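Report on one structure; see the data block that follows.
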Amino acid sequence: MFASKSIKSKTLFIQLIFLMLLGSQLLAQESLIHILKDELQREMSELKKQDTAPYFISIMVTNQKTYRTSASFGTLTGSSKHSATYLSISVRVGDYTLDNTHEVRGEVFNQAQFDQSILEIPSDQNETAIRSAIWREINRKYRMAVENYGKVKANVAIKIKEEDQSKDFSPLEKIESHYEPPLNFDEMLGDKTVWENKVMEYSRPFLKEKNIYVANASFNFNLVRKYFVTTEGTRVVQNIPYTQYYVNSMIKSSDGMELPLYKSYFSYEPKNMPDESIVLADVEQMITKLKELYNAAVVEPFTGPALLSGKAAGVFFHEIFGHRVEGHRMKKSDDAQTFKKKVNEKVLLDDISVIFDPRLKTYQKKDLNGYFLYDDEGVASQRVTVVESGVLKNFLMSRSPIENFSYSNGHGRSMIGMNPVSRQSNLIVESKKLLTPDEMRKKLTDECKKQGKEFGLLFDEVLGGFTMTGRFIPNSFNVTPVIVYKVFTDGRPDELVRGVDLVGTPLLMFSNITNTGDEFGIFNGFCGAESGSVPVSCVSPSLLVSQIEVQKKVKSQEKPPLLERPDFDKVQ
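For the sequence shown, the numbering used here gives the first residue as 6, with consecutive numbering after it.
Put into C-alpha cells, the structure is as follows:
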C-alpha cells in the first residue's frame, strides 16, 4: 500500500511538472505576439519623426519544427530533428500610391526590391534578444527603403508613363485578428523509430532489381507556426502542419537515359498517412514499371492528339495557366501578361471553370497541400473563381493591385524570409461535361484518324514542369512526363514509351482542349517562383487535347554502371 501511494505521488508530481512546463511554453507563445506588437509600435513612433517616414511596417516571426528520416535500399541513411525561429520584416516608405517597392524599370537587379534576408532569432522567447533583433532589422530595412524610394521617384520622372497606374499597395478591406493555440510537435510525431522502420521497409523491395541504381524513401513532418503583426493593426497567429512520404527510384537504360519514377503521399498529420500495405503495393508497381521503361522505345518528336490523366492535367494547368493568372505579373513591364486584356473573354472550353480555393482542406477525402486560412500578408484567404464557363473573370491577388482589381483576395504568399507576391493555392478544374474513360479513348483515336495519325499519346504520370512568362524569351512551358503510352488507332495494345517532354505555348494549347473526363487526379506538391517555394495542390479531370508537341528530353551521355550493385538480391 505504501509503495502504491509513493508511485501515485511520483506520477502526480511528474504530471504537475509537465503541466507547469507546458503552461510556461503556452505563456511564452502568448507573450510573443505582444512583444512584436509593442516593439513595432515603438519603432514606428520613432521613425515617423524622420523626413521620409514609413507608412507601413510588418513583422513575421516563423517557428519551424522539422523531423526527417530517409533510407536507401533498405538501409537508414539519416534521421534528424530541427527547430528554428526566423524573423522577417517589411518596411514601406512613401504612400499606398507610390512606395519603395515600385518597379525600377530598366534596372536588371535591385537589391532593395529583392532583399530576401532572413534572420534567425532565439526560440526561447527571450524578450530582450527579440526586441534587439527587431530593432536592428527594422533600422536596416528602413535605410534600404529610403534609398530605393529615391530611385523609384527618379525612375518615374524619366521613364514613359506606365500602362498600369494602379497603386503599389492596396488598403485592407478588413483588419484581421486571428489566434490559434500552439500544437505539440512531439505528440503529433509520435515514436520516430516507427517512421525510420517504414522508410527502410519502403526502400527495401528495390534491392531485387539489379538495374535500379537509385531507391530512396523519406518521411518528413513539418510544423510551422507564424506570428504576423502590422502597423495597420493586423494580428494573425496560425499553425501549418504537413507530412509527406517520398519514394523515388531511377533506372538507367542501355543508351544512358535516366528514367526516374516517384510516388508522394501527403497529409496534415503523421497519424493520417496511408497504411504501409498501400505504399508497398505502389512500390511493387514502380519496380514493374521501371523494368518496362528500361526496354521501352524512345519517342521521336511528335505533334498530334493526346490524352492527359487527371494528375498530369493538374500539373499542366498549374504550369501553363496558373502562373499566368497571378495578378502581380499583369503590371510587370517585362512579363508577357498573357491574360491582362482577356478579362470577360473566352480563354478555355465552355464547359470548364477554374477555381482557386485555399480554404478547401480536403478533396474526395484526401488532404490538399494548398490549404491556408490567412496569407503571408495577413489577409483572409478566399475562394476565387478565375474562369467561369470558359470565360476569364478574375486574377489571384496579393496586396499589389492591378488595373480593375484593387484589393487582395488572400493569395499573397511566400516562403520564409521572402517578399509575398500573388501565388497559387488549391487549383480546382471543374467541368460541366465529363466523359467516361472509354469515351475519352474513343475521342482520342477518332481525332488521330481525322488527322491521319497512326497513334496518339497518353500522358499518365508527370514529375513536374516549368513555365516562362517573360518577354525576353519565348513564352512557353515544359512539362516532364515519366509514364507515356502510344495509343494506336488500329486497336493494338498501348505501348509504353520514354524520352519526351511536353512543350508548347499557352494560348495555342488552351485552344486545343476539346474534352474532359470523369477521372480526377490530385497533385500535391511545392511550387517555386519569385517568392520562393510554397505548398500547392492541383485537382483536375482528364483532358483531351487535339494538338500537342513533344520534344526529346535531355539524355545523359554516361554509360550505366559497369558493375552490379554489391547489395543486389540481398533482400532482408
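Backbone N, C-alpha and C define an ideal beta-carbon position, used for all residues, glycine too. Remember, it's a predicted structure, so these values are computed and weren't measured experimentally.
Per-residue DSSP class, three states only, for Gly332: helix
DSSP three-state call for His323: helix, strand or coil? helix
Let me know the secondary structure DSSP gives Leu26 once reduced to three states. The predicted position of Leu26 is uncertain, since its pLDDT is 44 and thus under 50; no value can be drawn from it.
Residue of Tyr147, Lys203, Ile292 and Pro246 minimising C-alpha distance to Thr74: Lys203
Does the Cβ-Cβ distance between Leu373 and Arg503 come in under 8 Å? no
Contacting residues, own chain, Cβ-Cβ under 6 Å from Phe233 (five flanking each side not counted): Met65, Val241 and Gly383
Going by DSSP, what residue range makes up the alpha helix (DSSP H) through Glu525? Before going further, note that residue 525 is Phe rather than Glu in the sequence given. Unbroken run through Phe525 is the beta strand (DSSP E), Ile518 to Ala534; no alpha helix (DSSP H).
For Gly309, which of helix, strand or coil comes out of DSSP? strand
Can you tell which of Lys458, Val389, Cys532 and Ser259 has the C-alpha that lies nearest to the C-alpha of Ser542? Cys532
Which ranges would you report for the beta strand (DSSP E) in the segment 421–464 if only whole runs of at least 3 residues count? 431–436
Taking 8 Å as the cut-off, decide whether the C-beta atoms of Val304 and Val489 are in contact. yes
Spell out a yes or no on whether the segment 180–193 and the segment 50–67 are touching, meaning 3 or more CB-CB pairs, one atom from each, closer than 8 Å. no
Which residue wins for smallest C-alpha separation from Gly526, given the options Glu459, Phe322, Glu274 and Lys231? Phe322
Rounded to a whole number of angstroms, what is the C-alpha to C-alpha distance between Glu535 and Ile123? 16 Å
For Thr308, does the count of other Cβ atoms within 10 angstroms reach 16, so buried, or fall short, so exposed? exposed
Only counting runs of 4 or more residues, tell me where the alpha helix (DSSP H) segments fall wholly within the segment 236–315, in order along the chain. 281–299
In terms of alpha-carbon separation, which member of Glu206, Pro486, Arg446 and Asn517 lies closest to Asp495? Arg446
Considering only C-alpha positions, which residue in the set Lys438, Pro425, Asp443 and Gly509 is nearest to Val539? Pro425
Provide the residue span of the beta strand (DSSP E) that contains Gly83, from first to last. Thr80 to Val98
Neighbourhood of Glu142 by C-beta, 7 Å cutoff - its chain only, sequence neighbours within 5 removed: Leu92, Ile94 and Leu124
Have a look at Thr485 and Val505 and give me their C-alpha separation to the nearest angstrom. 8 Å
Can you name, in chain order, every residue of its own chain whose Cβ lies under 7 Å from the Cβ of Leu26, other than the five neighbours on each side? With a pLDDT of only 44 at Leu26, under the threshold of 50, the placement of this residue in the model should not be trusted; the figure read from the coordinates follows. None.
How many Å lie between Ser419 and Phe493 at the Cα? 45 Å
Would you call Gly332 buried or exposed, if buried means 16 or more other Cβ atoms sit within 10 Å of its Cβ? buried
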